[in-house]
Amino acid sequence: MRIILVLFFIVLTQISCLKLGAPFKGLPPGIWRGVLYLSDDLSGFDEKSNGELPFNFEVIYDTPDSFHIVIHNGEERIIVNDIRMGTDRRTARDTLWIDFPVYDSHIKAQYEEDAIEGFWVARNRKDYQIKFKALNGHTNRFFQLPDPPKADLSGKWECTFEEETDHPYKTIGDFKQNGNELTGTFMSNTGDDRFLEGQVNGDRLYLSTFDGSHAYLYEAKILPDGSLTGIYRSGKHYKTYWSGHRNDTLQAKDLGDPFSLTKMKDASERFTIALPDPEGNIVDISKGRYAGKPKIIQIMGTWCPNCRDETNFLLEYLAKHPEPGFEIVGISFERHTDEAKAINAIKTYRDKLKIPYSILYGGSNDKAKASLVLPMLNNVMAYPTLIFLDADDKVVSIHTGFEGPATSGYKEFKDEFDLLVKKMTQVHE
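Counting from 1, one number per residue, gives the positions in the sequence shown under my numbering.
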């Protein structure tokens, strides 16, 4: 009898285990509203968003058993295919893993019916995770029934950030408003905040973006004189205050000429450097396949969305010009302090984006440390930075930052790039 009871409990345990390992049922298709809970520190400004960053994504099924998601930020659509799902043995709950391999981050969450709850984790930052929730069928970004807008914010705005510090800086807000819906970006002299989306609710502006790397949240009050005053959050640690007034005559170059911010200390000096590639080979950009050729050096980081935009631009250019007459070499400065992890991030970035040119490892993304790696420059001011070299490794021009596809200056950048390539390659000819 005792043996029978033991066998019975063994079978019962196996059945229970099988139930816990039941197939994951998947997520309901359609639009979801996700929220990242950046902070509950609401001091210093009458903040209505409560530090909650909303974004929308869509679940699209490719087969009855597999799906991908598409993150919406204004006009931008980010396709995410790296998704795993199954039952967590520790909790016996359906679990979802959404990976952003290019940015070395992921969302790990538990799923139940039409709700998801978990954390967004940035693996390239120490102990960095932000609480995340999402609900299916909620198509609103911020408000389901917003109040009528008190103003049309379309146009350009002269803005000042970090007003509470000794080093405030200028940006240009470039917005488009349609009823309550608001899209746009902020441009500084080192880049832009990419695609922002939100609403104008009464006398308040709300904008947000999430791309797997950065989580930005803006809120501002529209004052009686039409100006703006508000708060900006980036991730869970950074917040600052900002203000703005309308100035439709502003252009990006009013913030500083991107071709004059980074310079060679000695203009007559050649730009030469040798660094390891992800496979451990030391690559000298003045020797081998690079000797005697014009080159573009891309100062970048795999963690940097502006760098991703610039990389996409370079890939599109190479696709249209398979024999461009110059070489491209990336030098990546990484957040990971562990060299092996940093190199793995570069490999993943290169392989996922199918980048045909070499990306070398430069070390830490700390700008002071990066400047030591590139001592011939006056500084490393921004990621990304493009350095145009002639066939003798002399600098033709240096472009600091990147005005990406979310900005009104993107076309102008592409035109300037074409002119520089012609200048660089004509010198070679």
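No residue lacks a Cβ here, since even glycine has one placed at the ideal position from N, Cα and C.
**OP:** Could you round the C-beta distance between S371 and K236 to whole angstroms and report it? I think they count as a contact, below 8 Å.
**Re:** The Cβ separation is near 28 Å, so there is no contact.
Original post:
Do D393 and R270 come within 8 Å of each other at the CB atom, strictly closer than that value?
Top reply: yes
Subject >> Backbone secondary structure at K423 - three-state DSSP >> reply: helix
Original post:
Whose C-alpha, out of G179, T209, A267, E181, is nearest the C-alpha of D192?
Top reply: T209
Subject >> For D351, the three-state DSSP class (helix, strand or coil) >> reply: helix
**OP:** Measuring alpha carbon to alpha carbon, tell me which of K221, L205, Y349 ends up nearest N312.
**Re:** Y349
Subject >> Closest Cα partner of L182 within the set D174, Y169, G198, H167 >> reply: G198
Original post:
Can you tell me the Cα-Cα spacing of F413 and Q298, whole angstroms?
Top reply: 15 Å
Original post:
To the nearest whole angstrom, what separates the beta carbons of F195 and A406, a pair I think is in contact under 8 Å?
Top reply: 5 Å
Original post:
Going by the beta-carbon positions, is the gap between L255 and N306 smaller than 8 Å?
Top reply: no
Original post:
Using CA coordinates, which residue listed in G137, T91, L96, Y61 is at the minimum distance from W32?
Top reply: G137
Original post:
What did DSSP end up calling D309 once you bin it into helix, strand or coil?
Top reply: helix
Original post:
So which of L318, T262, I231, I285 has the shortest CA-CA distance to M376?
Top reply: T262
**OP:** Pull up the distance between the alpha-carbon of E416 and that of H399, whole angstroms please.
**Re:** 10 Å
Subject >> L145, DSSP secondary structure in three states >> reply: coil
Subject >> Backbone CA spacing between E113 and P28 [nearest angstrom] >> reply: 8 Å
**OP:** Please state whether DSSP places G226 in a helix, a strand or coil.
**Re:** coil
Subject >> Extent of the continuous beta strand (DSSP E) to which V373 belongs >> reply: Where V373 is concerned, there is no enclosing beta strand (DSSP E), although the alpha helix (DSSP H) it sits in stretches over 367-373.
Original post:
Nearest CA to the CA of D127: which residue from H336, I387, I359?
Top reply: H336
Original post:
Is DSSP giving F259 helix, strand or coil here?
Top reply: coil
Subject >> Reduced DSSP secondary structure (H/G/I, E/B, other) of F271 >> reply: coil
**OP:** Please report the Cβ distance between N81 and H68, rounded to the nearest whole angstrom; I am assuming they are in contact, meaning their Cβ atoms lie under 8 Å.
**Re:** 5 Å
Original post:
Going by the beta-carbon positions, is the gap between V121 and R308 smaller than 8 Å?
Top reply: no
Subject >> V200: first and last residue of the uninterrupted beta strand (DSSP E) it sits in >> reply: 196-201
**OP:** List the whole-angstrom C-beta distance separating S243 from T160, where the pair is believed to meet the contact cut-off of C-beta under 8 Å.
**Re:** 6 Å
Subject >> Touch test, the region 313-320 against the region 96-111, Cβ-Cβ under 8 Å, three pairs minimum >> reply: no
Original post:
For the candidate residues A291, G330, S268, whose alpha-carbon lies nearest to that of V395?
Top reply: S268
Original post:
For S260, is the classification buried or exposed, using 16 other Cβ atoms within 10 angstroms of its Cβ as the cut-off for buried?
Top reply: exposed
Subject >> Beta-carbon contacts of R125 that lie in its chain and below 8 Å, excluding the five residues immediately before and after >> reply: R335
**OP:** Using 10 angstroms around the beta-carbon of K239, count the other beta-carbons present and answer buried if the total reaches 16, otherwise exposed.
**Re:** buried
Original post:
When you compare each of I285, E163, L205 to N180 by their alpha carbons, which one comes out closest?
Top reply: L205
Subject >> Residue nearest to D266 in terms of C-alpha spacing, selected from L374, L250, G173, T63 >> reply: L374
Subject >> Nearest residue (CA-CA) to T63, options T95, K108, G26, R90 >> reply: G26
Subject >> Presumed contact (8 Å Cβ cut-off) between E47 and I231, rounded CB distance >> reply: 6 Å
Original post:
Helix, strand or coil: which one does DSSP assign to P54?
Top reply: strand
**OP:** Kindly identify the DSSP beta-bridge partner or partners of H177.
**Re:** A small fix is needed here, since residue 177 is Gln in this sequence, not His. According to DSSP, which records beta bridges pairwise, Q177 is partnered with L182.
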